[in-house]
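Residues in the sequence shown are numbered from 278 upward in steps of one, following the working numbering.
Ideal placement from N, C-alpha and C gives every residue a C-beta, glycine not left out.
This one's a predicted model, so the numbers in the text were calculated from it and none came from an experiment.
The structure appears below as structure tokens.
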Amino acid sequence: MENEQLNIEFDQQPSKYGRRVYVYFGILLIVLLSLFWVKMQWQQHVPVTQVAVEGTNILSREEIVRLMNLPPRVSMYELDLTSIQKNILTNAFVKRAVIQRDAPSQLRVIIEERIPAALLAANESYYIDDEGSVLPYRVSAETYDIPIISGLDSLSRLAPGRKIIDSDVQEALDIITAARATSEEMFHAISEIHLRKGHDIICYWFDSGIPIIVGRGNVAEKIVKLDAFREKFLKNNNTSDIQYIDIRYDDQVVVSRKNS
278 MENEQLNIEF DQQPSKYGRR VYVYFGILLI VLLSLFWVKM QWQQHVPVTQ
328 VAVEGTNILS REEIVRLMNL PPRVSMYELD LTSIQKNILT NAFVKRAVIQ
378 RDAPSQLRVI IEERIPAALL AANESYYIDD EGSVLPYRVS AETYDIPIIS
428 GLDSLSRLAP GRKIIDSDVQ EALDIITAAR ATSEEMFHAI SEIHLRKGHD
478 IICYWFDSGI PIIVGRGNVA EKIVKLDAFR EKFLKNNNTS DIQYIDIRYD
528 DQVVVSRKNS
């Protein structure tokens, strides 16, 4: 009889322990839900107190903040980040913008700027980046040692933020990219790229103004060939008698002299 009573009491122990676990779990769940509710209520009333801007060299922090157009004392968690991103992207110099919330009350804006690749010779001064996007000319602490692109067929298409779809302009940008990739000296040696409405493109040497007939197509090979010629025959030599240099032909550089 005693054994039977002990067995009954022993069998009842797990059920008591299980009920206790459920009680503790329920209390813990209530506490967690309460904390979550308090957090959500607090977040709804936390205003933006600081904006951190990263990645800018051309634009200032103040310009980015103005573009964001934040309402005064706005709650950080009520902001539409997509709308703010669109506001920032209205500036032609902004290529990409990422906005993050940094608790408790800071917005972090990460900017990728469009970098001028050349200066467009037009009635008004414009920059153009390596993707063909037109950028407004502006005085900046950032200085640009970049070539001029002249002879653009239609100046009416120029407006900040607009992308130029033009085979001549793309050829000029390819020349700039190839020169920059070849060597720093080669890039800085080209002062101007003159477009000729679908005809052979002509570059001008920086220090002497020598015309270089580039032609069209195979730009990378031509620029590498020109750089090798520059290093061997033009560097530290008198070039005053050179009329023009022609790099249109495979495996050779043609030099025309003024007295020939």
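Query - Neighbourhood of E389 by C-beta, 7 angstroms cutoff - its chain only, sequence neighbours within 5 removed - result: The residue labelled residue 389 in the question sits at position 112 within the sequence shown. Correct list, in chain order: G332, K372, R373.
Query raised in the report: Closest to R378 by CA distance: which of T367, T359, K363 is it?
Result: Stepping through the sequence shown from its first residue, residue 378 is reached at position 101. Comparing Cα positions, the closest option is T359.
Query raised in the report: Going by alpha carbons, who is nearest to R507 out of T459, P349, V446?
Result: For the purposes of this step, residue 507 is identified with residue 230 of the sequence shown, where counting begins at 1. Measuring from the Cα of R507, the nearest candidate turns out to be T459.
Report task. Taking I524 and V532 to be in contact with their CB atoms under 8 angstroms, please state how far apart those CB atoms are, rounded to whole angstroms. Result -> Reading the sequence shown from its first residue, position 247 is the one you call residue 524. Reading the sequence shown from its first residue, position 255 is the one you call residue 532. With 8 angstroms as the limit, I524 and V532 do not qualify as a contact, their Cβ atoms being about 10 angstroms apart.
**Report entry** Three-state secondary structure (DSSP) of H476
**Finding:** Here the question's residue 476 lines up with position 199 in the sequence shown. The answer is coil: DSSP assigns H476 none of H, G, I, E or B.
Query raised in the report: Could you give the distance in angstroms between the alpha-carbon of P424 and the alpha-carbon of V501?
Result: On the sequence shown, residue 424 is found 147 positions in, with the first residue counted as 1. On the sequence shown, residue 501 is found 224 positions in, with the first residue counted as 1. Answer to the nearest angstrom: the Cα atoms are 18 angstroms apart.
Query raised in the report: When the distance is taken between beta carbons, is I365 closer than 8 angstroms to L344?
Result: Position 67 of the sequence shown, counted from the first residue, corresponds to residue 344. Position 88 of the sequence shown, counted from the first residue, corresponds to residue 365. Yes, Cβ-Cβ distance for L344 and I365 is below 8 angstroms.
Query raised in the report: Do the CB positions of Y403 and L356 come within less than 8 angstroms of each other?
Result: Numbered from 1 along the sequence shown, position 126 holds the residue referred to as residue 403. Numbered from 1 along the sequence shown, position 79 holds the residue referred to as residue 356. Against a cut-off of 8 angstroms, the Cβ pair of L356 and Y403 comes out as no contact.
Query raised in the report: Considering only residues of the same chain and omitting the five flanking positions on each side of H471, which have a CB-CB separation below 6 angstroms?
Result: Numbered from 1 along the sequence shown, position 194 holds the residue referred to as residue 471. So the list reads S427, G428, I479, once near-sequence residues are dropped.
**Report entry** Contact belief for A369 with S410 at Cβ below 8 angstroms, rounded distance in angstroms
**Finding:** By one-based count along the sequence shown, residue 369 stands at place 92. By one-based count along the sequence shown, residue 410 stands at place 133. Contact holds; Cβ gap of about 7 angstroms.
Query raised in the report: alpha helix (DSSP H) containing S444: first to last residue?
Result: For the purposes of this step, residue 444 is identified with residue 167 of the sequence shown, where counting begins at 1. That run of the alpha helix (DSSP H) goes 444–459.
Requested in this report: Give the straight-line distance between the Cα atoms of E462 and R350, rounded to the nearest whole angstrom.
Outcome: As a working note, residue 462 is residue 185 in the sequence shown. As a working note, residue 350 is residue 73 in the sequence shown. Between E462 and R350, the C-alpha separation is close to 52 angstroms.
Query - Nearest-angstrom Cα separation, counted from K535 out to F494 - result: Counting from 1 along the sequence shown, the entry for residue 494 is found at position 217. Counting from 1 along the sequence shown, the entry for residue 535 is found at position 258. According to the sequence displayed, residue 494 carries Gly and not Phe. About 28 angstroms.
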